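>
In our numbering, the protein residues as written are 151 to 402.
See the structure below:
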């Protein structure tokens, strides 16, 4: 008898759940209709959920942002892209020591400045001579990005990069050809150093060596990243920040 009553109660509960309208959730962003009321907008935003990549990024909680490069030796906050590669010659560079320090501090990932505004590349990029390949360090055979990526894998730390869109050295800056150049460098970083957890952008846009400013093809940059590493977190308005230019949209 008790078994029968339990079975009937379970069946009634399942029937009740089946008749209730399925609640709709919005992943990453929600777009409001032009006639949406404040109450409707609040209700829709309350059902806004992150993507798996966003959730994983949030759960990391504590990440290092590491800027080591030409500016370390010149003392400039922003280089002009004119400093000689001969200046870059660290005598005791130890990426493993960096990573141990981050792990001991409880960090779960590191974002490395692969190229800052000066345009100097911390890996031997095929597309420019302004990189570690033309320095005295390790007779031009060194690769800071590679050494740090390897150390992160060894100690279980997630690895990501910042590739400055502003380049004060590249003569292509300020032309459409620079977007090709930038995508080529993104491709190098996304195909040569294993899985990355993020590519970080800040949108910096100043004058290049020819006095021009660049019109960045952001959608193309995002497409390159999504194609080469679909699970990556793009750390700017593509995945994180709200786009202030679309007020009828709310994004996480």
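Glycine is no exception: its CB is placed at the ideal position from the N, C-alpha and C atoms. Note that the structure is a prediction, hence the values are computed from the model and not measured.
Between which residues of its own chain and residue 212 is the CB-CB distance below 7 angstroms, once the five residues before and five after are set aside?
Counting only Cβ-Cβ distances below 7 angstroms, and skipping sequence neighbours, we find 256, 257, 258.
> Hey, how far is the Cα of residue 244 from the Cα of residue 279?
Going from the Cα of residue 244 to the Cα of residue 279 covers about 24 angstroms.
> Taking the runs of the beta strand (DSSP E) that are 3 residues or longer, which of them lie wholly in the region 281-325?
Within the region 281-325, the complete beta strand (DSSP E) runs of at least 3 residues are 308-313.
> My assumption, with CB atoms under 8 angstroms, is that residue 359 sits in contact with residue 329. Please give the rounded CB distance.
Contact doesn't hold; Cβ gap of about 17 angstroms is too wide.
> Taking C-beta to C-beta, are residue 346 and residue 382 nearer than 8 angstroms?
Going by C-beta atoms, residue 346 is nearer than 8 angstroms to residue 382.
> With residue 347 as the anchor, note down where its beta strand (DSSP E) starts and where it stops.
Looking at the DSSP string, residue 347 is not in any beta strand (DSSP E), and its letter there is neither H nor E.
> Is residue 270 closer than 8 angstroms to residue 219 when the C-beta atoms are compared?
In contact: residue 219 and residue 270 (Cβ atoms closer than 8 angstroms).
> Closer than 6 angstroms by C-beta to residue 217: which residues in its own chain qualify, once you throw out the five before and the five after it? Chain order, please.
So the qualifying residues of the chain are 263.
> Kindly indicate which three-state DSSP category residue 262 falls into: helix, strand or coil?
Strand.
> By how many angstroms is the C-alpha of residue 311 removed from the C-alpha of residue 173?
Taking the straight line from one Cα to the other gives about 38 angstroms.
> Take the Cβ of residue 252 as the centre, count every other Cβ of all protein chains shown within 10 Å, and call the residue buried at 16 or more, exposed below.
So residue 252 counts as buried.
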